[in-house]
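Each remark here refers to the structure printed beneath this line.
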Amino acid sequence: MAQWEGEMSLIEGSVGVGDMVLLEPLNEESLLKNLDKRFQHKEIYTYIGNVVVSVNPYQQLPIYGPEFIDKYKDYNFYELKPHIYALANQAYQSLKDHDRDQCILITGESGSGKTEASKLVMSYVAAVCDKGEQVNSVKEQLLQSNPVLEAFGNAKTIRNDNSSRFGKYMDIEFDFKGSPLGGVITNYLLEKSRVVKHVKGERNFHIFYQLLEGADAQLLKALRLEKNVSCYSYLNFEASRVGGMDDAANFRAVQNAMNIIGFSTEEIQKILEVIAIVLKLGNVELGDEFQANGVSGSSIRNENGNDSLTASVIGNIRDFPLLPLSLSPLCEGPGLVGWETVRGGPCHEPSPFRRCIKPNEHQQRGLFSSELVNTQARYLGLLENVRVRRAGYAYRQVYSVFLERYRMLGRSTWPHWRGPAREGVEKLLGELSLSSGELAFGRTKIFIRSPKMLFYLEEKRRLRIHQLVTLVQKIYRGWRCRTNYQLMRKSQILISSWFRGNMQKKRYGKIKASTLLIQAFVRGWKVIPKGSWGCRPYSVPHSCQGQRDGVSPKSLVLTISINTSGSLFLSVQCKKYRDQLSPQKKEVLKEKLCASELFKGKKASYPESVPVPFRGDYVMLHGKPKLQKAGDGPVLMAETVNKVNRADGKMVPRILLLTKSHVILADAKGSKVKSVMGLESVDEVSRLSFPPIPLPKISSVGSKGDFLLVSEHAIELLTKLYQATLDKMKRPLPITVTEEFTVKFKEGNLTVKVTESQMGKGNNKLSCKKKGHNQLEVFAP
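Mapping the sequence shown onto the numbering used here, position 117 (from 1) lands on 117, and the numbers just tick up by one.
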């Protein structure tokens with residue numbers, strides 16, 4: 001199953017088209033658009049059949065390492081997303097399983113990523129081959145050859161900071177088990193002239209800068225070199241440093257790599273001495289010479305000779321680091337054998353290709369230059385490569401894999417096909433009524449000529465899978481609901497049975513106890529003759545026997561029975577009373593209950609308000625239409641209150657209207673609205689605990705401050721205000737009952753205190769007086 005699940009990953013779930021053989025329409029514009037789209041989504045690899053096209057991202061992507069190596073080594077070429085590991089795995093598996101020599105050809109212009117591609121191929125091969133002490137040594141030598149080759153053959157150019165200035169052919173030998181035995185590295189076309197002359201802004205080979213930056217003071221003294229790059233004419237000191245490249249660390253890596261490859265300490269020292277000689281040759285100045293006849297000689301020949309000597313030295317030293325790896329004993333045969341004599345050489349075998357593309361000239365990540373990429377695509381022949389690939393059949397697949405993927409599209413092949421795979425494919429395509437000109441049946445594979453036909457099959461498969469998934473979901477959900485219902489029903493029956501059994505046991509126990517008690521009294525009554533009630537006290541139950549003086553004590557059993565009967569009788573009477581109540585009466589009692597919870601035990605005047613029913617309307621609203629229009633809904637309470645003036649403490653009569661969302665104060669004479677306060681702005685309500693003072697305070701969030709009112713029905717007002725706020729704001733309104741409180745006015749805060757009036761008991765009128773700027777005295781009658 002895993003084989004065919006990944007087979008179509010180039011079509012499903014990929015950005016753009018993973019294999020450009022299936023690209024529609026096929027032209028330069030669509031090819032560039034597909035590469036650009038995949039590049040912007042960090043999909044840098046694309047297939048053209050078995051050719052891998054890569055676009056240099058100029059950044060390290062999280063698509064490499066042991067995790068991805070383990071992932072790609074278990075799948076075939078087309079089973080996962082396009083990747084350089086898939087190409088390396090195909091070459092390695094063909095070498096190991098089919099004994100076929102493989103040659104991976106990596107092409108592209110400078111800066112397109114060829115060097116990094118070769119490193120990735122070598123790291124993959126080293127990771128997947130067998131383990132062993134000798135094998136690990138060979139693998140380590142092969143991997144460590146890259147730092148040495150780059151140090152002696154790479155340099156910074158205007159187009160690339162790590163440009164290879166030579167051609168490289170690396171031959172790795174394997175045994176019959178797929179384990180590397182050794183390698184032969186051949187380099188050619190080394191740019192020797194770079195040592196003596198290079199363009200301004202470029203660098204010489206990396207090894208010169210690495211030596212000067214990474215060598216310690218003792219080594220530089222032994223080589224008689226200066227650490228300053230500007231001291232040597234062969235080195236362009238204006239471009240001596242490259243961003244992102246640490247020459248000192250790279251020099252240590254080169255030394256370590258040379259040790260692993262097989263160089264001795266003396267050999268490494270001699271190579272560094274030759275490098276130092278090359279640097280010193282660049283500082284040699286040749287002057288004119290006079291011949292015997294007095295004519296001055298030309299210095300051109302001397303300078304050319306000096307440069308030729310330097311280039312020859314660097315060419316020889318460039319080949320020397322490869323000798324330990326190329327002369328590995330495991331690669332030596334009986335004599336020298338040329339490549340042409342070994343079955344024509346691996347270059348004559350079918351070769352996997354890797355086309356590297358440079359996305360821009362500035363080595364900038366995320367920048368895709370269509371003109372530059374189009375030029376490279378033309379000389380790499382990408383479009384022609386796609387056309388050649390599509391000249392025959394764009395898609396081919398084994399019958400069993402094709403049938404396993406598309407069998408749900410046919411009635412006769414779904415859900416199971418018992419016959420040969422080829423007959424199943426023929427039956428399936430016949431039911432789909434596809435054009436026979438687009439299909440060809442081989443011995444083991446089905447061939448499809450047009451990519452449109454493949455896309456058509458994929459679209460039908462997607463729709464069919466959606467239908468099948470919906471069907472599976474429906475059946476599963478029905479099974480799950482049915483199973484849950486059965487479990488719930490079984491649990492409910494079990495709980496009900498235990499509950500009913502327990503209730504019946506309790507009921508039976510009560511009936512039995514009552515029956516025994518009644519039986520005891522009846523039996524006692526029967527055995528007592530008439531007129532002998534006091535003569536035979538032993539004939540009644542012991543709990544009912546009297547004392548010898550004839551005075552019957554109070555029975556414990558009777559006391560319990562009486563209390564139980566009384567509580568049951570009271571519960572029944574209360575239920576009857578509640579059932580007879582009207583909805584309006586219930587609402588009144590609910591308000592009384594709320595008032596009890598708010599003020600019982602807190603307000604001394606609360607007990608006096610309990611028997612007084614809440615009326616709500618104390619101003620006869622039905623005769624005042626102007627007040628009825630002032631509210632935005634049903635009026636919960638209307639009464640005449642006295643509002644304490646903020647300035648002088650005098651009281652002004654006002655009509656207070658409480659609705660479900662506002663508190664309204666209107667003029668008592670003209671019914672003109674003076675103040676409107678929303679319930680959401682009511683912050684707190686306070687009231688004095690002094691018994692005869694009906695003085696509530698309503699605290700608001702607004703800029704006008706608090707309201708200090710004198711109400712004859714303060715408990716009813718505060719109860720209805722509490723319920724209205726709770727219904728609208730879904731939060732309880734804080735109500736405090738204190739001996740004194742602070743009122744916040746616009747001008748400042750006032751402390752309200754209660755003082756007993758000195759005018760005598762006959763005065764029942766409440767009065768307020770402002771004392772100073774921060775105190776308000778309330779004179780209680």
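We treat Cβ as the ideally placed atom computed from N, Cα and C, and that holds for glycine.
If you're wondering where the values come from, they're calculated on a predicted model, not measured in any experiment.
Contacting residues, own chain, Cβ-Cβ under 8 Å from residue i (five flanking each side not counted)
{"i": "Gly-633", "result": "Thr-659, Lys-660, Ser-661"}
{"i": "Asn-749", "result": "Thr-742, Val-743, Asn-774"}
{"i": "Thr-341", "result": "With a pLDDT of 32 at Thr-341, under the threshold of 50, the modelled position of this residue cannot be trusted, and the question is left open."}
{"i": "Leu-733", "result": "Val-682, Glu-684, Val-685, Leu-721, Tyr-722, Thr-725, Leu-726"}
{"i": "Glu-332", "result": "In this prediction, Glu-332 scores a pLDDT of 40, lower than 50, which makes its location untrustworthy; the coordinate-derived value is nonetheless stated afterwards. Excluding residues within five positions, none has a Cβ falling inside 8 Å."}
Residue range of the unbroken beta strand (DSSP E) whose run includes residue i
{"i": "Asp-171", "result": "167–174"}
{"i": "Thr-659", "result": "651–659"}
{"i": "Pro-180", "result": "180–188"}
{"i": "Gly-678", "result": "673–678"}
{"i": "Met-637", "result": "635–644"}
{"i": "Ser-264", "result": "Element bounds for Ser-264: n/a, residue is neither H nor E."}
{"i": "Tyr-47", "result": "45–48"}
Counted within 10 angstroms of its Cβ, other Cβ atoms place residue i as buried (16 or more) or exposed
{"i": "Thr-725", "result": "buried"}
{"i": "Thr-265", "result": "exposed"}
{"i": "Asp-19", "result": "buried"}
{"i": "Lys-358", "result": "buried"}
{"i": "Thr-186", "result": "exposed"}
{"i": "Arg-615", "result": "exposed"}
{"i": "Met-503", "result": "exposed"}
{"i": "Lys-221", "result": "exposed"}
{"i": "Lys-505", "result": "exposed"}
{"i": "Leu-235", "result": "buried"}
{"i": "Lys-575", "result": "exposed"}
{"i": "Cys-481", "result": "exposed"}
{"i": "Thr-375", "result": "exposed"}
{"i": "Gln-486", "result": "exposed"}
{"i": "His-362", "result": "exposed"}
{"i": "Leu-776", "result": "buried"}
{"i": "Leu-22", "result": "buried"}
{"i": "Met-620", "result": "exposed"}
{"i": "Met-170", "result": "buried"}
Beta-carbon proximity list for residue i, same chain, < 6 Å, skipping 5 on both sides
{"i": "Asp-175", "result": "Leu-181"}
{"i": "Ala-440", "result": "Phe-447"}
{"i": "Arg-159", "result": "Ser-110, Gly-111"}
{"i": "Tyr-538", "result": "Low confidence applies to Tyr-538: its pLDDT is 48, below 50, so where it sits in the model is not reliable enough to give any reading."}
CB contact flag (residue i, residue j, <7 Å)
{"i": "Val-710", "j": "Lys-602", "result": "no"}
{"i": "Tyr-64", "j": "Tyr-124", "result": "no"}
{"i": "Leu-457", "j": "Tyr-379", "result": "no"}
{"i": "Ile-446", "j": "Gln-397", "result": "yes"}
{"i": "Gln-59", "j": "Arg-365", "result": "yes"}
{"i": "Gly-178", "j": "Cys-129", "result": "yes"}
{"i": "Val-195", "j": "Thr-310", "result": "yes"}
{"i": "Ile-48", "j": "Val-386", "result": "yes"}
{"i": "Lys-139", "j": "Ala-126", "result": "yes"}
{"i": "Gly-167", "j": "Leu-189", "result": "yes"}
{"i": "Glu-591", "j": "Thr-719", "result": "yes"}
{"i": "Ile-261", "j": "Gln-134", "result": "no"}
{"i": "Ala-151", "j": "Ile-207", "result": "yes"}
{"i": "Arg-654", "j": "Ala-638", "result": "no"}
{"i": "Asn-156", "j": "Val-242", "result": "Checking the displayed sequence, the identity of residue 156 turns out to be Lys instead of Asn. Yes."}
{"i": "Glu-431", "j": "Met-453", "result": "no"}
{"i": "Asp-247", "j": "Gln-218", "result": "no"}
{"i": "Val-652", "j": "Leu-708", "result": "no"}
{"i": "Pro-276", "j": "Leu-212", "result": "For clarity, residue 276 is Ala in the given sequence; the question names Pro instead. No."}
{"i": "Ile-735", "j": "Ser-609", "result": "no"}
{"i": "Leu-657", "j": "Val-635", "result": "yes"}
Own chain residues within Cβ distance below 7 Å of residue i, not counting five before or after
{"i": "Val-676", "result": "His-662, Ile-664"}
{"i": "Tyr-72", "result": "Leu-80, His-83, Tyr-85, Ala-86, Asn-89"}
{"i": "Phe-68", "result": "Tyr-85"}
{"i": "Gln-269", "result": "none"}
{"i": "Ser-233", "result": "Gly-282, Asn-283"}
Residue i - containing alpha helix (DSSP H), residue span
{"i": "Asp-247", "result": "247–261"}
{"i": "Asp-36", "result": "28–40"}
{"i": "Phe-455", "result": "451–527"}
Exercise for the section: With a floor of 3 residues, list each beta strand (DSSP E) that falls wholly inside the stretch 92–141, ordered by position along the chain. Expected result: 105–107
Handout entry: Complete runs of the beta strand (DSSP E) confined to the stretch 383–444 [at least 3 residues]
Key = 395–398, 439–441
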